[in-house]
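A.B. asks:
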Amino acid sequence: MHDEIRIFPDPFLKNRVSEIENIPSNINEITAKMLKIMEEADGIGLAANQIGYSLRLFVARLPEDKEPLIVINPVILEVDGEDHMEEGCLSVPGVSIEIPRPTRVFLKGINTDGKEVEYELEGLMARVVQHEIDHLNGVLIVDYLSRRDFIRFQREYEKLLKKEEE
Ligand code: ZN
Numbered sequence: 009m010h011d012e013i014r015i016f017p018d019p020f021l022k023n024r025v026s027e028i029e030n031i032p033s034n035i036n037e038i039t040a041k042m043l044k045i046m047e048e049a050d051g052i053g054l055a056a057n058q059i060g061y062s063l064r065l066f067v068a069r070l071p072e073d074k075e076p077l078i079v080i081n082p083v084i085l086e087v088d089g090e091d092h093m094e095e096g097c098l099s100v101p102g103v104s105i106e107i108p109r110p111t112r113v114f115l116k117g118i119n120t121d122g123k124e125v126e127y128e129l130e131g132l133m134a135r136v137v138q139h140e141i142d143h144l145n146g147v148l149i150v151d152y153l154s155r156r157d158f159i160r161f162q163r164e165y166e167k168l169l170k171k172e173e174e
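Heads up, the sequence shown is in our numbering, so the first residue is 9 and it goes up one at a time.
(1) Of all the options L43, M93 and L169, which has the alpha carbon lying nearest to the alpha carbon of Q138?
(2) Which of the three DSSP states, helix, strand or coil, is assigned to K74?
(3) From R64 to E86, what distance separates their C-alpha atoms?
(4) Identify whether N23 lies in helix, strand or coil by the three-state DSSP scheme.
(5) Can you list, in chain order, the residues of its chain whose CB lies under 8 Å from that of V100, leaving out five sequence neighbours each side?
(6) May I ask whether a heavy atom of the ligand ZN can be found less than 8 Å away from the beta carbon of L63?
(7) Hey, would you say N119 sits closer than 9 Å to I80, going by beta carbons?
(8) Assign L77 to buried or exposed, taking buried as 16 or more other Cβ atoms, counted over all protein chains shown, within 10 Å of its Cβ.
(9) State the start and end residues of the unbroken beta strand (DSSP E) segment that holds E29.
(10) Measure the beta-carbon distance from V67 to G117 and round it to whole angstroms, keeping in mind my assumption that it falls under 8 Å.
(11) Give the secondary structure of R155 by DSSP, where H, G and I count as helix, E and B as strand, and everything else as coil.
(12) Since L54 and L98 are thought to touch, with beta carbons under 8 Å apart, how far apart are those beta carbons, to the nearest angstrom?
See below:
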């Protein structure tokens, strides 16, 4: 099943996803599905492993963007600046956590045609890209919490999930 967003504490989200060596022939189908699921969930970014694919790939799109950003094997080469912002995650519903991150990133990767691409990004998109690469490394927003805050988070999160089941 690749259609549903994996929800924390699904252990699949904790795995680092390895680089794509051969781009799958149905890559356009996969990215179209990722964008659809992301948009239906009102998200601005989605990593492939969030919906069960072991593919090092993410999609992102801000409301003002005409075209989505789709990057295979993304690597951040350079960062600059720092700010703090509350971040949510489609895999950790109902939660937002303040996370410090660089404000600018220089990103390299491959597009769906197999061509090398480079992007210089800042502001919200720079943050989204770092969040999605975290996913591909098996890192979630809750991993930024201190031990004490994580314990508090877990208690509230369990209640939240229970409420949703009802
Ligand atoms: Zn996320």
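Glycine residues also receive a C-beta, built at the ideal position from the N, C-alpha and C atoms. A quick note: this is a predicted structure, and the numbers were derived from the prediction, not measured.
C.D. replies: Based on what the coordinates show:
(1) As a working mapping, residue 138 is identified with position 130 in the sequence shown. The candidate whose alpha carbon is nearest that of Q138 is M93.
(2) Here residue 74 refers to the residue found at position 66 of the sequence shown. Coil.
(3) Stepping through the sequence shown from its first residue, residue 64 is reached at position 56. Stepping through the sequence shown from its first residue, residue 86 is reached at position 78. Those two C-alpha atoms are separated by around 19 Å.
(4) On the sequence shown, position 15 is the one that residue 23 refers to. Here N23 sits in coil by DSSP.
(5) The residue you call residue 100 lines up with position 92 of the sequence shown. These residues qualify, in order along the chain: I15, F16, L148, I149, V150 and Y165.
(6) For the purposes of this step, residue 63 is taken as the residue at position 55 of the sequence shown. Not under cutoff, so the answer is no.
(7) What you label residue 119 is simply residue 111 of the sequence shown in a count that begins at 1. What you label residue 80 is simply residue 72 of the sequence shown in a count that begins at 1. Yes, the Cβ-Cβ distance between N119 and I80 is below 9 Å.
(8) By one-based count along the sequence shown, residue 77 stands at place 69. Buried: at least 16 other Cβ atoms inside 10 Å.
(9) For the purposes of this step, residue 29 is taken as residue 21 along the sequence shown, with counting starting at 1. No beta strand (DSSP E) contains E29, which DSSP labels as neither H nor E.
(10) Here residue 67 refers to the residue found at position 59 when the sequence shown is read from its first residue. Here residue 117 refers to the residue found at position 109 when the sequence shown is read from its first residue. The pair is not a contact, with the Cβ atoms about 12 Å apart (cut-off 8 Å).
(11) Mapped onto the sequence shown, residue 155 falls at position 147. Three-state result, R155: helix.
(12) As a working note, residue 54 is residue 46 in the sequence shown. As a working note, residue 98 is residue 90 in the sequence shown. Yes, L54 and L98 are in contact; Cβ-Cβ is about 7 Å, under 8 Å.
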